[in-house]
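If you read the sequence shown in the working numbering, its first letter stands for residue 5, the second for the next number, and so on.
Contents: one structure, followed by commentary.
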Amino acid sequence: CATAASATKLCADSIRLGDYDIGIAVGMDKHPRGAFTEDPALVGMPTWYAENGQYLTTKFFGMKANRYLHEHGISTSALAKVAAKNFRNGALNPNAFRRKPISEEDILNSPILNYPLTQYMFCTPDEGAAAAIMCRADIAQRFTAKPVYVRAVEIRTRRYGAYEVNTTYAPVDEDVSPTVYAAKAAFEKAGVAPDEVGVIQLQDTDAGAEVIHMAEAGFCTDGEQEKLLAEGATEITGPMPVNTDGGLIANGEPIGASGLRQMHELVCQLRGQAGDRQVPGTPRVGFAQVYGAPGTAAATILTT
5 CATAASATKL
15 CADSIRLGDY
25 DIGIAVGMDK
35 HPRGAFTEDP
45 ALVGMPTWYA
55 ENGQYLTTKF
65 FGMKANRYLH
75 EHGISTSALA
85 KVAAKNFRNG
95 ALNPNAFRRK
105 PISEEDILNS
115 PILNYPLTQY
125 MFCTPDEGAA
135 AAIMCRADIA
145 QRFTAKPVYV
155 RAVEIRTRRY
165 GAYEVNTTYA
175 PVDEDVSPTV
185 YAAKAAFEKA
195 GVAPDEVGVI
205 QLQDTDAGAE
215 VIHMAEAGFC
225 TDGEQEKLLA
235 EGATEITGPM
245 PVNTDGGLIA
255 NGEPIGASGL
265 RQMHELVCQL
275 RGQAGDRQVP
285 GTPRVGFAQV
295 YGAPGTAAAT
305 ILTT
């Protein structure tokens, strides 16, 4: 799921290093029916990993969300608020896969797939593509009157002790997620702080992931999410708008394209061109985070 961030980093770094003046990063994915399998042998993993219910990502993310909610006193209603918010935002996005709002009640009452996650708390695999054209900062004015600058793209992989997707061990002493390391590195490189970010894109493979990543990326503390969601902090009109285009829950997950879809939304927001889903005021800093198997995360910071 961090594929597009890798493409973005390679393109941006190649231009920064002087190898090229202009470049393009492209991400895409096609998911024919049956593309997702429960056979771990295809990636060289032991059969017991699937037999105990961890190989299929819906099961893993359900267990991860359940543990996080239990440890930090967060209710399943908070998950429904995340999903409902993203469906509302997706209804304002002409590129979204799902463009119909769904109420919190309907989300909570939809079939449970992997507790505590219900059907409408998950994103949907789909097909899609995205691309971003980048150039040297000193020539950007040739092509646009509203340039947006790539300040940082940082990628980190899991360290020993981090229990992530496709991890076949559970150390006694746990480490934090690679998202924590990627976000800290990106903020340090860009020279900005989380409270300076005006629009946020987070990996929401499921509603629990968005809740967890809010804290891992540094926008709140563990357990603070319930209060923030109840106050509407992550809505388009809130002080820390998250997934203004509907995120993965509304756009689906064409894995190789998702990171660039996030960049597209940040660019639209920072340029004031997001239409009905435009964040109020004049956001100047955008943050995007992606996370996926086998425990890889990336954080990207864009500014005007």
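For glycine and all other residues, C-beta sits at the position ideal for the given N, C-alpha and C.
All figures in this text were calculated on a predicted structure; none of them were measured in a lab.
By Cβ distance, which residues of its chain are closer than 7 Å to residue 232, with the 5 residues on each side in sequence left out?
-> For the purposes of this step, residue 232 is taken as residue 228 along the sequence shown, with counting starting at 1. 224 and 238.
DSSP bridge partner residues for residue 118 (one or two, in chain order) = As a position in the sequence shown, residue 118 is number 114, starting the count at 1. DSSP, once it has assigned bridges, lists 121 as partnering residue 118.
Would the stretch 113-127 and the stretch 151-166 be scored as touching if the rule is three or more Cβ pairs under 8 Å?
-> In short, these stretches do not touch, since the Cβ pair count stays below three.
Determine which residues share a DSSP beta bridge with residue 138 and list them.
-> Numbered from its first residue, the sequence shown carries residue 138 at position 134. Partner(s): 27.
Ignore the nearest five residues each way along the sequence and tell me which others in residue 242's own chain have a CB closer than 7 Å to its CB.
-> For the purposes of this step, residue 242 is taken as the residue at position 238 of the sequence shown. For residue 242, where only same-chain residues beyond five positions count, the Cβ hits under 7 Å are 236.
Under three-state DSSP, which class holds residue 215?
-> Residue numbering aside, residue 215 sits at position 211 when the sequence shown is read from its first letter. Three-state result, residue 215: helix.
List the DSSP bridge partners of residue 290.
-> Taking the first residue of the sequence shown as 1, we reach residue 290 at position 286. When DSSP reads this structure, residue 290 sits in a beta bridge with 203 and 306.
Which same chain residues, not among the five before or five after residue 141, have their C-beta less than 7 Å away from its C-beta?
-> Within the sequence shown, residue 141 is the residue found at index 137, counting from 1. So the list reads 153, once near-sequence residues are dropped.
Is the stretch 283-301 touching the stretch 183-199 in the sense that three or more CB pairs, one from each, lie closer than 8 Å?
-> Segments in contact, yes.
State the beta-bridge partners of residue 32 as determined by DSSP.
-> Residue mapping note: residue 32 aligns to position 28 of the sequence shown, counting from 1. Paired residue(s): 133.
Which runs of the alpha helix (DSSP H), 4 residues or longer, sit entirely within the stretch 41-69?
-> You should have 51-55.
Collapsed DSSP secondary structure at residue 71 in the structure displayed = Within the sequence shown, residue 71 is the residue found at index 67, counting from 1. Note: residue 71 maps to helix in three-state DSSP.
Looking at the structure shown, is residue 301 part of a helix, part of a strand, or coil, going by DSSP?
-> Your numbering for residue 301 matches position 297 in the sequence shown. Assignment of residue 301 by DSSP, reduced to helix, strand and coil, places it in the strand class.
Reference residue 87, options 258, 272 and 252, closest by Cα | Stepping through the sequence shown from its first residue, residue 87 is reached at position 83. That would be 252, whose Cα lies nearest to the Cα of residue 87.
Residues sharing a beta bridge with residue 296, DSSP | Here residue 296 is taken as the residue at index 292 of the sequence shown, counted from 1. Paired residues: 300.
Can you tell me the Cβ-Cβ gap for residue 265 and residue 135, rounded? I've got them flagged as a contact below 8 Å.
-> In the sequence shown, the residue the question calls residue 265 occupies position 261. In the sequence shown, the residue the question calls residue 135 occupies position 131. By a beta-carbon distance limit of 8 Å, residue 265 does not contact residue 135. Their separation comes to about 10 Å.
Would you give the residue range spanned by the beta strand (DSSP E) that residue 12 belongs to?
-> If you number the sequence shown from 1, residue 12 lands on position 8. Premise fails: residue 12 lies in the alpha helix (DSSP H), 7-20, not in any beta strand (DSSP E).
For residue 250, which residues of its own chain have a beta-carbon under 6 Å away from its beta-carbon, when the five flanking residues on both sides are left out?
-> Along the sequence shown, one-based indexing puts residue 250 at 246. Closer than 6 Å at the Cβ level, and outside the excluded window around residue 250, lie 90, 93, 94, 97 and 100.
For the alpha helix (DSSP H) that residue 254 lies in, which residues bound it at each end?
-> In the sequence shown, counting from the first residue as 1, residue 254 sits at position 250. DSSP places residue 254 in the uninterrupted alpha helix (DSSP H) bounded by 251-255.
Give me whichever residues DSSP pairs with residue 160 in a beta bridge.
-> The residue labelled residue 160 in the question sits at position 156 within the sequence shown. DSSP output for residue 160 lists 301 as bridge partner(s).
The alpha helix (DSSP H) spanning residue 185 covers which residue range?
-> Locating residue 185 in the sequence shown gives position 181, counting from the first residue. Residue 185: member of the alpha helix (DSSP H) spanning 182-194, first to last residue.
Find the nearest neighbour of residue 127 within the set 103, 256 and 304, judged by alpha-carbon distance.
-> Numbered from its first residue, the sequence shown carries residue 127 at position 123. For the options 103, 256 and 304, the alpha carbon positioned closest to that of residue 127 is the one of 256.
Can you tell me the Cα-Cα spacing of residue 270 and residue 214, whole angstroms?
-> Here residue 270 is taken as the residue at index 266 of the sequence shown, counted from 1. Here residue 214 is taken as the residue at index 210 of the sequence shown, counted from 1. If I take the Cα positions, the gap works out to 17 Å.
Do residue 211 and residue 69 come within 9 Å of each other at the CB atom, strictly closer than that value?
-> Working through the sequence shown from its first residue, we reach residue 69 at position 65. Working through the sequence shown from its first residue, we reach residue 211 at position 207. Result yes, Cβ atoms of residue 69 and residue 211 sit closer than 9 Å.
In chain order, what residues of the same chain have a beta carbon less than 7 Å from the beta carbon of residue 34, not counting five sequence neighbours either side?
-> Translated into the one-based positions of the sequence shown, residue 34 becomes position 30. Within the same chain, and ignoring the five residues on either side of residue 34 in sequence, the residues whose Cβ sits closer than 7 Å to its Cβ are 131.
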